[in-house]
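Have a look at the structure below before the remarks.
Chains as they are written, first to last, in my numbering: chain A, 1 to 144; chain B, 145 to 330.
Right, dumping it as structure tokens:
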């Protein structure tokens, strides 16, 4: 059979209204694709967004730490200088205090010695002790 | 500017498409202008209506994405036909990969689709002709369909398939001989 003997015709058909609906169905699909592209743009940028956010967070943390550290350092310097100034300002007072305290202790010690020597009960006990030890009475009188 | 019938030329539609607020409108007109011709081209290659519908949608989605950079080196018609042909061939190759069988079995699958196709209303001779076409190698089949059914000039087919006119003439000649032999033998 020759090809020319066959009537040339399109043997295929389509569902009713197919070509009328095709364009609107295509527009729906294109709309979804546009939305998907927007989402995929977000998702494709997501790692970069996180990277930038992380870098920014680290930078901010570093700046905050640096500032705190600077402040601490300043405070330390100020405190040191304050202590130095205070020490310089008060060194005389400190010496005075030290002297006063020492003087008081010495005075109290002297007072305690005086008390022992002037106490008659204590004198009698010493005399008795010396007598018990066979020390001559004359020697004891001379010492007292 | 639209003609008396209110129709835009292809170049005007492309220009309209490049205006952001008119892209959808222009593209819709392009789809309506070419949907039927492209559908029948793809349908004869793929046979099944649902597969053809998917392939045609993919064709126009690719056209939408590519039209922004389309510079009219080829006519809009040629360009769309090329996309549709590539999409149809891509579909058949994917089908072959999915089935893990040689191409001949894919052709057999297409023949079975033809037998069970509710949207086929040709007589026995038409069905026989379609079966004969399915026995052709891929390139010969495409050339035969474009020349025989779409009555395209060889120059246009050469532009779409990016091949020489001489090669196309030889392919068509071989295709006709094979088909006639098939019709004689059956």
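Glycine is no exception: its CB is placed at the ideal position from the N, C-alpha and C atoms. Computed from a predicted structure; not experimentally measured.
Would residue 26 of chain A and residue 204 of chain B be called neighbours here (beta carbons separated by less than 7 angstroms)?
Here residue 26 of chain A corresponds to residue number 26 of the first chain, with the count starting at 1. Here residue 204 of chain B corresponds to residue number 60 of the second chain, with the count starting at 1. Yes, these two residues count as a Cβ contact at 7 angstroms.
Cβ-based neighbour list, residue 313 of chain B, same chain, cut-off 8 angstroms, excluding 5 preceding and 5 following:
Walking along the second chain from the start, residue 313 of chain B turns up at place 169. 298, listed in sequence order.
Apart from the five residues on each side of it in sequence, which residues of its chain come closer than 7 angstroms, Cβ to Cβ, to residue 301 of chain B?
As a first step, residue 301 of chain B must be located in the second chain, where it is residue number 157. Hits under 7 angstroms: 287, 290, 291 and 312.
Is it buried or exposed, residue 36 of chain A, if we count other Cβ atoms within 10 angstroms and call 16 or more buried?
On the first chain, position 36 is the one that residue 36 of chain A refers to. Flag for residue 36 of chain A reads exposed.
Comparing the C-beta of residue 287 of chain B with each C-beta of chain A, is any distance below 7 angstroms?
Mapped onto the second chain, residue 287 of chain B falls at position 143. Judged by the 7 angstroms Cβ criterion, residue 287 of chain B is not in contact with chain A.
If we count the other Cβ atoms within 10 Å of its Cβ and call it buried at 16 or more, is residue 68 of chain A buried or exposed?
By 1-based counting over the first chain, the position of residue 68 of chain A is 68. Classification for residue 68 of chain A: exposed.
Own chain residues within Cβ distance below 7 angstroms of residue 315 of chain B, not counting five before or after:
The residue labelled residue 315 of chain B in the question sits at position 171 within the second chain. Excluding residues within five positions, the ones whose Cβ falls inside 7 angstroms are 283, 284 and 287.
Under a CB-based cut-off of 7 angstroms, is residue 177 of chain B close to chain A?
For the purposes of this step, residue 177 of chain B is identified with residue 33 of the second chain, where counting begins at 1. No, because no Cβ of chain A sits closer than 7 angstroms to the Cβ of residue 177 of chain B.
Please report the residue range of the alpha helix (DSSP H) in which residue 320 of chain B lies.
Position 176 of the second chain, counted from the start, is the residue given in the question as residue 320 of chain B. Segment 309-329, the alpha helix (DSSP H) holding residue 320 of chain B.
Can at least three beta-carbon pairs, one atom from the stretch 182-201 of chain B and one from the stretch 158-170 of chain B, be found at a separation below 8 angstroms?
Two segments are said to touch when three or more pairs of C-beta atoms, one from each, lie closer than 8 angstroms; by this definition the stretch 182-201 of chain B does not touch the stretch 158-170 of chain B.
Check residue 204 of chain B in the structure and name its three-state DSSP category.
As a working note, residue 204 of chain B is residue 60 in the second chain. Note: residue 204 of chain B maps to helix in three-state DSSP.
Could you name the residues of the stretch 158-184 of chain B whose beta carbon sits closer than 7 angstroms to any beta carbon of chain A, in the order they occur along the chain?
172, 175, 176, 179, 180 and 184
List the residues of chain B that residue 23 of chain A touches, going by C-beta distances under 8 angstroms, in chain order.
For the purposes of this step, residue 23 of chain A is taken as residue 23 along the first chain, with counting starting at 1. The contacting residues are 172, 175, 176 and 179.
Mapping DSSP to helix, strand and coil, what is residue 264 of chain B?
By one-based count along the second chain, residue 264 of chain B stands at place 120. Strand at residue 264 of chain B.
According to DSSP, what are the bridge partners of residue 221 of chain B?
Indexing the second chain from 1 puts residue 221 of chain B at position 77. Per DSSP, residue 221 of chain B has no beta-bridge partner at all.
Would residue 29 of chain A pass as an interface residue toward chain B - the criterion being a Cβ-Cβ separation below 7 angstroms?
Mapped onto the first chain, residue 29 of chain A falls at position 29. Yes, its Cβ sits closer than 7 angstroms to a Cβ of chain B.
Just the C-alpha distance for residue 13 of chain A and residue 19 of chain A, rounded to the nearest angstrom, thanks.
By 1-based counting over the first chain, the position of residue 13 of chain A is 13. By 1-based counting over the first chain, the position of residue 19 of chain A is 19. Going from the Cα of residue 13 of chain A to the Cα of residue 19 of chain A covers about 11 angstroms.
Could you tell me which uninterrupted beta strand (DSSP E) segments, each at least 3 residues in length, are contained entirely in the stretch 146-175 of chain B, listed from first to last along the chain?
Whole beta strand (DSSP E) segments, 3+ residues: zero.
To the nearest angstrom, report how far apart residue 112 of chain B and residue 201 of chain B are at their CA atoms.
No information on residue 112 of chain B is available, as it lies outside the stretch 145 to 330 that chain B covers here.
Proximity below 7 angstroms, CB of residue 175 of chain B to CB of residue 23 of chain A
In the second chain, residue 175 of chain B corresponds to position 31, counting from 1. In the first chain, residue 23 of chain A corresponds to position 23, counting from 1. Yes, these two residues count as a Cβ contact at 7 angstroms.
Quick one: what does DSSP say residue 214 of chain B is sitting in, helix, strand or coil?
In the second chain, the residue the question calls residue 214 of chain B occupies position 70. Correct three-state label for residue 214 of chain B: coil.
Relative to the C-alpha of residue 236 of chain B, which residue among B:221, B:224 and B:252 is closest?
For this step, residue 236 of chain B is matched to residue 92 along the second chain. Looking at B:221, B:224 and B:252, the one whose alpha-carbon comes closest to that of residue 236 of chain B is B:252.
Return no unless some Cβ of chain B is closer than 7 angstroms to the Cβ of residue 47 of chain A.
In the first chain, the residue the question calls residue 47 of chain A occupies position 47. No - not a single Cβ of chain B is within 7 angstroms of the one on residue 47 of chain A.
Minimum C-alpha distance to residue 306 of chain B - residue among B:212, B:226, B:197 and B:178
In the second chain, counting from the first residue as 1, residue 306 of chain B sits at position 162. Closest option to residue 306 of chain B, Cα to Cα, is B:226.
Chain B partners of residue 32 of chain A, CB-CB under 8 angstroms?
Against the first chain, residue 32 of chain A aligns to sequence position 32. What residue 32 of chain A touches in chain B: nothing, since even the nearest Cβ is about 10 angstroms away.
Indicate whether residue 232 of chain B and residue 199 of chain B have their beta-carbon atoms separated by less than 7 angstroms.
Against the second chain, residue 232 of chain B aligns to sequence position 88. Against the second chain, residue 199 of chain B aligns to sequence position 55. Yes, the pair counts as a contact, with Cβ atoms nearer than the cut-off.
At the 7 angstroms Cβ level, is residue 223 of chain B part of the contact set with chain A, yes or no?
Numbered from 1 along the second chain, position 79 holds the residue referred to as residue 223 of chain B. Output row for residue 223 of chain B: interface = no.
Evaluate residue 9 of chain A with the Cβ neighbour count: other Cβ atoms within 10 Å of its Cβ, from every protein chain shown; 16 or more gives buried, anything less gives exposed.
Along the first chain, read from residue 1 onward, the residue named residue 9 of chain A stands at position 9. By the 10 Å Cβ count, residue 9 of chain A comes out exposed.
Within chain A, the residues that residue 201 of chain B reaches when beta carbons sit closer than 7 angstroms
Translated into the one-based positions of the second chain, residue 201 of chain B becomes position 57. Chain order gives the chain A residues near residue 201 of chain B as 26 and 29, where near means a beta carbon separation below 7 angstroms.
Compute the Euclidean distance between the alpha carbons of residue 192 of chain B and residue 294 of chain B, then round it to the nearest angstrom.
Within the second chain, the letter at position 48 stands for residue 192 of chain B. Within the second chain, the letter at position 150 stands for residue 294 of chain B. Whole-angstrom Cα-Cα distance: 19 angstroms.
Go ahead and label residue 261 of chain B buried or exposed: buried means 16 or more other beta carbons lie within 10 angstroms of its beta carbon, across all protein chains shown.
For the purposes of this step, residue 261 of chain B is taken as residue 117 along the second chain, with counting starting at 1. When all chains shown are included, residue 261 of chain B counts as buried.
Would residue 298 of chain B pass as an interface residue toward chain A - the criterion being a Cβ-Cβ separation below 7 angstroms?
Numbered from 1 along the second chain, position 154 holds the residue referred to as residue 298 of chain B. Residue-level contact check: residue 298 of chain B does not touch chain A, since none of the beta carbons of chain A fall below 7 angstroms from its beta carbon.
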